[in-house]
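Residues 896 to 1086 in my numbering are what the sequence shown lists, from first letter to last. Below is one structure, written out as structure tokens; comments come after it.
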Amino acid sequence: MARPKDDSKIDVIFEATLKIVLKTGFNGLKMADVAKAAGLATGTLYIYFKNKEVLINELFLSLKTAKTHRLLSVYNAKDSFEVNFRNLWFNYLELSLNEPERMLFIEQFAHTSLLTKKTKALGDELLKPLEEFLQQGIQQKKVRKLPIPLLLSQLMGPIYEIVKLQMDKKIVMNKNMKEGLYEIALRGISI
């Protein structure tokens, strides 16, 4: 009988993979390097993940799931669209600024050929609550009637760029900048 997989080892493997991918890119990722960085035998790594494609797809889904759940934790159906929009936007900004490596991995991997159809579908499913929220905004005539993927791109894309600017030390975000960027985001989708 096989032993159950140890969740703490999975976490260590994911952290090692994240660091290596951000340093070498997806194509530079080698299972032996991940095993070494995680302090495991290469054979042990293969018990957990069949190959690097499975590993990075599972890492992507784990990171995206955690980030989406934390993002949506500020949503309250009883609050107005405006209150929820503000809370969601600022929460997404803060999550992204506080964990830039995770955000970069998610954004970069979402656009690679290594992303499987299954992983893409599961990742897209995580965004359904945000899509429904924006659809409600359209129905309430508070949000421009545009395709939801365009609206999400308009809201998330600039934050991705802001995170890169901060990582490159070209800016240091402060409260006034955040408020100004929020106003730009709100005006960008509002009717």
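Every residue gets a Cβ at the ideal spot worked out from N, C-alpha and C, and that includes glycine.
Counting only the same chain and skipping the five closest in sequence on each side, list residues whose C-beta sits under 6 angstroms from that of residue i.
i: N952; result: T1011, T1014
i: P995; result: V1058, M1062
i: L954; result: F909, T912
i: Y1055; result: E1002
Straight-line CA distance for residue i to residue j?
i: L937; j: F909; result: Sequence check: residue 937 is Thr here, not Leu. Cα-Cα distance, rounded: 14 angstroms.
i: T928; j: L956; result: First, the amino acid is wrong: residue 928 is Asp here, not Thr. Straight-line Cα distance between these residues: approximately 21 angstroms.
i: L940; j: N1069; result: 42 angstroms
i: M1072; j: K1064; result: 15 angstroms
i: L1047; j: E1026; result: 8 angstroms
i: A1016; j: A1005; result: 11 angstroms
i: V916; j: G923; result: 7 angstroms
i: I1084; j: F985; result: 15 angstroms
i: L1081; j: K925; result: 43 angstroms
i: M896; j: D902; result: Legend: pLDDT at M896 = 45, less than 50; position of this residue unreliable, no value from coordinates given.
i: V1067; j: E989; result: 13 angstroms
i: D906; j: G934; result: 12 angstroms
i: P1053; j: S991; result: 11 angstroms
i: G1032; j: V1038; result: 5 angstroms
i: G920; j: L913; result: 10 angstroms
i: Y1077; j: A911; result: 34 angstroms
i: M998; j: A930; result: 23 angstroms
i: K904; j: E1002; result: 25 angstroms
i: K1023; j: L1029; result: 10 angstroms
i: K973; j: T1007; result: 38 angstroms
Tell me residue i's beta-bridge partners as DSSP assigns them.
i: S1085; result: V1038
Measuring alpha carbon to alpha carbon, tell me which residue in the options is nearest residue i.
i: Q1035; options: A932, I1086, T939; result: I1086
i: L1009; options: D1019, K947, L1045; result: K947
i: Y987; options: E1020, R1039, H964, K931; result: H964
i: E1020; options: V949, T960, N993, R997; result: T960
i: L958; options: A932, G1018, F980; result: G1018
Tell me which same chain residues have a C-beta within less than 8 angstroms of the C-beta of residue i, skipping the five on either side of it?
i: K900; result: I942, Y943
For a test of your reading of the model: does the CB of residue i fall under 6 angstroms from any non-hydrogen atom of the ligand ZN? Yes or no.
i: E1026; result: Ligands are entirely absent from the displayed structure, and the ligand ZN is therefore not among its contents.
Just to confirm my understanding: we take residue i, look at its own chain, exclude 5 residues before and 5 after, and list those with CB closer than 7 angstroms. What are they?
i: G1075; result: none
Which ranges does the alpha helix (DSSP H) cover as unbroken runs of at least 4 residues, wholly within the segment 896-982, from first to last along the chain?
-> Entirely contained in the segment 896-982, the alpha helix (DSSP H) runs reaching 4 residues are, in chain order, 902-919, 926-933, 937-943, 947-967.
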